[in-house]
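Take a look at the structure set out below.
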Amino acid sequence: MTNDTPLLEARGLTKRFPGVIANDQVDLVLHRGEILGLLGENGAGKSTLVKMLFGIHQPDEGEILLRGERITNDGPGESIARGISMVHQHFQLVPPLTVAENIVLGAEPVRGLRFDKGAANDRVREISERYGLTVEPTDVVEQLPVGLQQRVEILKALYRGAELLILDEPTAVLTPQETDELLAILRDLAATGVGIIFITHKLREVLDVTDRVTVLRRGKSVGTVATAEATSASLAELMVGRSVVLRVDKTAAEPSEPVLTTSELRVRDDRKRELVSGVDLEVRSGEILGIAGVEGNGQRELVEAVTGVRPIHAGHATIVGQRVAHDPRSVRELGVAYIPEDRERDGLVGVYSIADNLVLTSYHTAPFARTGVRQFPAIRQLATKLVERFDVRTPSIETPVSSLSGGNKQKVIVARELSVENQLVVASQPTRGVDVGSIEFIHQQLIDARDKGAAVLLVSAELDEIFALADRIAVIYEGRIVAELDPNTTSREEVGLYMAGGG
Amino acid sequence: MGDASWLRQLVLPALAVVLGLFAGALLILISGDNPLTAYGGLLEGALGSWEGVGRTLDKATPLVMGGLAVAFAFKAGLFNIGGQGQLLLGAAFAGWVGYFFDLPAIIHIPFALIVGGLAASVLGATAGLLKATRGTHEVISTIMLNFVAANFTEWLVSRDGPWNDPDGGALARTPEILPSAELPRIGDLPVGFLVAVAAAALMWWVVRKSTLGFEIQTVGANPRAAKYAGISVTRITVVAMGISAFLAGVGGAIQTLGVNGRFEPGFNTGLGFDGITIALLARTNSLAVVPAALLIGALDAGSTLMQSRTDVEPEIISVIQAFILFFVAAPSAVRWLLRLRADAIESDDMQLASGWGA
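From first to last, the protein sequence lines stand for chains Y and C. Heads up, the first sequence is in my numbering, so the first residue is 2 and it goes up one at a time. Heads up, the second sequence is in my numbering, so the first residue is 538 and it goes up one at a time.
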């Protein structure tokens, strides 16, 4: 399907930000009808690269050729006019408007001075049929599931005549089924001649759908390979720069006493909607219970309730026999470690040094404080030890965590939470947005905690992670546990079905 | 916030002061006077004699306390603009302790300062409690409590009030404080100023070295992470507002005990609000609050001599202060005026506007 002139070619793109070279002499070629995977760890420069292609950033050096002609990108508006569109990770949709209204927004069909709703619906129906992307034009976007919202984003791009589509981590928010549908859609789109740049850190998807893969590492392109000739291991190695163990070894669980028990647990969100509706769970010492589910099905509220961050509305939770109160400190004092889902917002103080973040939960206890006075030598000693032991890549323990990469930020949290002995470890999306090398490390730490006798409650939207770690799987759907499964006898498909509310 | 960047942190305030004085000079020129003569008078009035220096220190003292109050609350991510009311309460209660109790000076003075501070901290903690439990924005509640404090203190010393001076006739004021409550001067150096400097040093220590300071800064930097880590955001919000108001209240108490000798309502129009200027100029660093307050205090103290040397109205000082505040709060304006590169001015942690909507 490839022509002689590439659809898009980037030569020697370089972008510097104060203190870092985000992209260093990056080359990239995309043909018509091709799906190019853009793979790299967090902070490898994938986003910077596509932002240059899309005209959000200006390259400091190098050139971009579209259909063989050199272009200077003057902004996203210009790019869209040239047929380049980008589907961002966070959708750029107007929730209360309909599907058709969202798609035509900015280029609305008009009759006189009035918006022609009928024409909009017709056109949307037409392109939706042409590309096999089924949507109902009159549906209101905020009532659609995430997978369909993403489809609306893609249609928006196609409506604007996109010949080149950039997708930034499009599968991060999807269920396994939705992911499969998206990948099929992308293949169909490519067959019509659209060139697609697909950013991801999931190797399985890259192998599934792309024709070629360009791998970035620390701002440099370390190679472009034909997908047919690549394997998970070879891609991971290119990405990280060393060989990576993709499966963690773990022995069978030896569960003993129950540590966390919930009974008829009901939890409400801030708007008083009940998001956890009667959950009974038991996590025993020495086992990992994996909670699988599409985001927004009550996982967050469940975890916040058992860690004391959010009040329990009805029912109760006990940890080592103690009733959980709405008081995070008292829960922590029972021996609970907590790796929150949103590390930047909930787990770290960005402006604080690594050292201060490492004592964020223990700053008031000996030896880090005496009679209300902080003891900096003890804090520094701990930080030096943990940075070394947990392999946090940083120039110094005084470095503000906001300047660390996603993986290293998460290592700071993992070091803080898992460097002490715990009764219960609550880990919510512990490897989201974390690079392959760090995922391996964090998984090992969770297994080690289990082997030392902790009960581990793992919440993850990533089935790979659930299957890699969990000794038992509980699927949560609309605030209820809809299935408890044995990872050795169930399949990804079965879990996926329960996650989607089927089964 | 590295060690080497403290010099860079000085760039913006210094430029703001220079530009503020420059703008003032332009205005003086337009009104037909010689800016050099005017500023000469200003300088001489503020620093030209020991008496002038003493006057500058007197003016600077409540400004230090007001600046510390704003800076301290800001560490917890709170914007206390109730310094005015807190200062009034502190001044009134210190005045009451000053005339009502007969104690040896060594007890009387600290007792009056602390009672003044505590009275104010009740007001601040109320705003903190409203914020933490009901979500009432502290900017709104502290502004409104300013009126409560102003009217309450006025009633206390009015003819119908309990603390009225029987010898004052129609005047609303407390009786004169006893000599044992007077904050003395060492030569021209007011002891009240030393108290303020000690408060600045103490605040620096609390913020940098104590677990309370760590909790307050954590809540200020990321309240969600603070909550997840087990810090009670409610408690810290109340405590931080209480301490912030305590500082403002002590500022008012010093004014009563060291300068006015009694409490009279309306003695300090605007003084509480100057704390915001000072805290901004000092970039909420408690040690930097002292020189910032001295600068503003000197402008006030020198204005009388400036006026007698030229025809420049003392209001020009307020205009200069407003310009300085404007430039500190709008670093991009400074950058544009001086054609500076974007990274020449540190303005990272000075998003005071972040208090809104948080």
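Don't be surprised by glycine CBs; every beta carbon is placed ideally from N, CA and C. If you're wondering where the values come from, they're calculated on a predicted model, not measured in any experiment.
| field | Exposure of residue 152 (chain Y), with buried meaning 16 or more beta-carbon neighbours within 10 Å | value | Mapped onto the first sequence, residue 152 (chain Y) falls at position 151. Counting Cβ neighbours within 10 Å, residue 152 (chain Y) comes out buried, since at least 16 surround it.
| query | Within 8 Å (strictly less), CB to CB, does residue 349 (chain Y) reach chain C? | reply | Along the first sequence, one-based indexing puts residue 349 (chain Y) at 348. Closer than 8 Å: yes.
| task | Using only alpha-carbon positions, find the residue among C:684, C:688, C:583, C:632 that is nearest to residue 787 (chain C). | result | Residue numbering aside, residue 787 (chain C) sits at position 250 when the second sequence is read from its first letter. Scanning C:684, C:688, C:583, C:632 for the CA closest to the CA of residue 787 (chain C) turns up C:632.
| query | With a cut-off of 8 Å, does the C-beta of residue 747 (chain C) fall near any C-beta of chain Y? | reply | Within the second sequence, the letter at position 210 stands for residue 747 (chain C). Chain Y, which has a Cβ nearer than 8 Å to the Cβ of residue 747 (chain C), makes this yes.
| said: Tell me the rounded alpha-carbon separation between residue 566 (chain C) and residue 855 (chain C). | reply: Along the second sequence, one-based indexing puts residue 566 (chain C) at 29. Along the second sequence, one-based indexing puts residue 855 (chain C) at 318. If you take the alpha carbons of residue 566 (chain C) and residue 855 (chain C), they lie about 17 Å apart.
| request: Determine, using beta-carbon pairs with one atom in the stretch 614-633 of chain C and one in the stretch 657-674 of chain C, whether at least three such pairs fall under 8 Å. | output: Enough Cβ pairs lie closer than 8 Å, so yes.
| message | I need the straight-line Cα distance from residue 28 (chain Y) to residue 87 (chain Y), nearest angstrom please. | response | Residue mapping note: residue 28 (chain Y) aligns to position 27 of the first sequence, counting from 1. Residue mapping note: residue 87 (chain Y) aligns to position 86 of the first sequence, counting from 1. Cα to Cα, residue 28 (chain Y) sits roughly 19 Å from residue 87 (chain Y).
| said: When you compare the CB positions of residue 249 (chain Y) and residue 306 (chain Y), do they come within less than 8 Å of one another, or not? | reply: Stepping through the first sequence from its first residue, residue 249 (chain Y) is reached at position 248. Stepping through the first sequence from its first residue, residue 306 (chain Y) is reached at position 305. In terms of Cβ geometry, residue 249 (chain Y) and residue 306 (chain Y) do not form a close pair [threshold 8 Å].
| query | Closest Cβ-Cβ distance between residue 767 (chain C) and chain Y: below 8 Å? | reply | Stepping through the second sequence from its first residue, residue 767 (chain C) is reached at position 230. Yes, contact with chain Y.
| Using the C-alpha atoms, what's the distance from residue 261 (chain Y) back to residue 336 (chain Y)? | Position 335 of the first sequence, counting from 1, holds the residue named residue 336 (chain Y). Position 260 of the first sequence, counting from 1, holds the residue named residue 261 (chain Y). As the crow flies, the alpha-carbon of residue 336 (chain Y) is around 11 Å from that of residue 261 (chain Y).
| 8 Å contact criterion, which residue 763 (chain C) and residue 770 (chain C) should meet: CB distance rounded | Here the question's residue 763 (chain C) lines up with position 226 in the second sequence. Here the question's residue 770 (chain C) lines up with position 233 in the second sequence. The C-beta separation of residue 763 (chain C) from residue 770 (chain C) comes to about 6 Å, placing the pair in contact by the 8 Å criterion.
| field | Simplified DSSP assignment, three categories, for residue 103 (chain Y) | value | For this step, residue 103 (chain Y) is matched to residue 102 along the first sequence. In the structure shown, the three-state DSSP call for residue 103 (chain Y) is helix.
| request: Measure from the C-beta of residue 1 (chain Y) to each C-beta in chain C and report whether the shortest distance is under 8 Å. | output: Only positions 2 to 504 of chain Y appear in this structure, which leaves residue 1 (chain Y) out of reach.
| said: What does the alpha-carbon distance come out to for the pair residue 699 (chain C) and residue 791 (chain C)? | reply: For the purposes of this step, residue 699 (chain C) is identified with residue 162 of the second sequence, where counting begins at 1. For the purposes of this step, residue 791 (chain C) is identified with residue 254 of the second sequence, where counting begins at 1. Residue 699 (chain C) and residue 791 (chain C) have their C-alpha atoms spaced approximately 22 Å apart.
| query | Based on Cα-Cα distance, which residue from Y:229, Y:340, Y:33 lies nearest to residue 429 (chain Y)? | reply | Counting from one through the first sequence, the residue named residue 429 (chain Y) turns up at place 428. Relative to the Cα of residue 429 (chain Y), the nearest Cα in the group Y:229, Y:340, Y:33 belongs to Y:340.
| field | Neighbour-count burial assignment, residue 374 (chain Y), 16 or more Cβ in a 10 Å radius | value | In the first sequence, residue 374 (chain Y) corresponds to position 373, counting from 1. Taking a 10 Å sphere around the C-beta of residue 374 (chain Y), we find fewer than 16 other C-beta atoms and assign the residue as exposed.
| residue 612 (chain C) burial status per 10 Å Cβ neighbour count (16 or more: buried) | Taking the first residue of the second sequence as position 1, residue 612 (chain C) is located at position 75. Answer is buried; the Cβ neighbour count reaches 16.
| Between residue 761 (chain C) and chain Y, is there a C-beta pair that is closer than 8 Å? | Taking the second sequence and counting its residues from 1, the one referred to as residue 761 (chain C) is at position 224. Chain Y, which has a Cβ nearer than 8 Å to the Cβ of residue 761 (chain C), makes this yes.
| query | Between the C-alpha atoms of residue 218 (chain Y) and residue 38 (chain Y), what's the straight-line distance to the nearest angstrom? | reply | Within the first sequence, residue 218 (chain Y) is the residue found at index 217, counting from 1. Within the first sequence, residue 38 (chain Y) is the residue found at index 37, counting from 1. Between residue 218 (chain Y) and residue 38 (chain Y), the alpha-carbon positions lie close to 14 Å from each other.
| At a Cβ threshold of 8 Å, is residue 160 (chain Y) touching chain C? | Counting from one through the first sequence, the residue named residue 160 (chain Y) turns up at place 159. Not one chain C Cβ lies under 8 Å of residue 160 (chain Y).
| Any idea what DSSP makes of residue 214 (chain Y), helix, strand or coil? | Along the first sequence, read from residue 1 onward, the residue named residue 214 (chain Y) stands at position 213. Looking at residue 214 (chain Y) - three-state DSSP - the assignment turns out to be strand.
| request: Have a look at residue 773 (chain C) and residue 364 (chain Y) and give me their C-alpha separation to the nearest angstrom. | output: Position 236 of the second sequence holds residue 773 (chain C). Position 363 of the first sequence holds residue 364 (chain Y). So the alpha carbons of these two residues sit roughly 15 Å apart.
| Are the beta-carbon atoms belonging to residue 450 (chain Y) and residue 423 (chain Y) less than 8 Å from one another? | For this step, residue 450 (chain Y) is matched to residue 449 along the first sequence. For this step, residue 423 (chain Y) is matched to residue 422 along the first sequence. At the C-beta level, residue 450 (chain Y) and residue 423 (chain Y) come within 8 Å of one another.
| request: Please state whether DSSP places residue 39 (chain Y) in a helix, a strand or coil. | output: Here residue 39 (chain Y) corresponds to residue number 38 of the first sequence, with the count starting at 1. DSSP, reduced to helix, strand and coil, places residue 39 (chain Y) within a strand of the structure shown.
| field | Proximal chain Y residues relative to residue 631 (chain C), where beta-carbon distance stays under 7 Å | value | Taking the first residue of the second sequence as 1, we reach residue 631 (chain C) at position 94. Those within 7 Å of residue 631 (chain C) in chain Y number zero; the least Cβ separation is about 28 Å.
| From residue 445 (chain Y) to residue 470 (chain Y), what distance separates their C-alpha atoms? | Stepping through the first sequence from its first residue, residue 445 (chain Y) is reached at position 444. Stepping through the first sequence from its first residue, residue 470 (chain Y) is reached at position 469. Near 9 Å, if we compare the C-alpha coordinates of residue 470 (chain Y) and residue 445 (chain Y).
| query | Does the Cβ of residue 497 (chain Y) have 16 or more other Cβ atoms within 10 Å, making it buried, or fewer, making it exposed? | reply | The residue labelled residue 497 (chain Y) in the question sits at position 496 within the first sequence. So residue 497 (chain Y) ends up on the buried side.
| query | Do you know how far the Cα of residue 378 (chain Y) is from the Cα of residue 458 (chain Y)? | reply | Sequence index remark: in the first sequence, residue 458 (chain Y) carries index 457 (1-based). Sequence index remark: in the first sequence, residue 378 (chain Y) carries index 377 (1-based). Each residue's alpha carbon lies about 34 Å from the other.
| field | Within the stretch 432-473 of chain Y, ranges of the alpha helix (DSSP H) (whole runs, at least 4 residues) | value | Listed in chain order, the complete alpha helix (DSSP H) runs (minimum 4 residues) inside the stretch 432-473 of chain Y are 437-452, 464-470.
| query | Helix, strand or coil for residue 893 (chain C) per DSSP? | reply | Within the second sequence, residue 893 (chain C) is the residue found at index 356, counting from 1. With a pLDDT of 35 at residue 893 (chain C), under the threshold of 50, the predicted position of this residue should be treated as unreliable, and no value is reported.
| request: For residue 365 (chain Y), return the contacting residues in chain C, with the cut-off set at a CB-CB distance below 7 Å. | output: Walking along the first sequence from the start, residue 365 (chain Y) turns up at place 364. Contacts between residue 365 (chain Y) and chain C, judged by CB atoms closer than 7 Å, involve 748 in chain order.
| task | Going by CA-CA distance only, name the one from Y:113, Y:62, Y:106, Y:141 that's closest to residue 508 (chain Y). | result | Only positions 2 to 504 of chain Y appear in this structure, which leaves residue 508 (chain Y) out of reach.
| message | Cutting at 6 Å between CB atoms, please list the residues of its own chain near residue 598 (chain C), excluding the five before and the five after it. | response | Here the question's residue 598 (chain C) lines up with position 61 in the second sequence. 729, 730, 733, 791, listed in sequence order.
| said: What would DSSP say about residue 515 (chain Y), mapped onto helix, strand or coil? | reply: Look at the range of chain Y in this structure, 2 to 504, and you will see that residue 515 (chain Y) is not part of it.
| said: Just checking: is the beta-carbon of residue 612 (chain C) within a distance shorter than 8 Å of some beta-carbon in chain Y? | reply: Here residue 612 (chain C) refers to the residue found at position 75 when the second sequence is read from its first residue. It does not: the Cβ of residue 612 (chain C) has no partner Cβ on chain Y nearer than 8 Å.
| query | What three-state label does DSSP hand residue 800 (chain C) in the structure shown? | reply | Mapped onto the second sequence, residue 800 (chain C) falls at position 263. In the structure shown, the three-state DSSP call for residue 800 (chain C) is coil.
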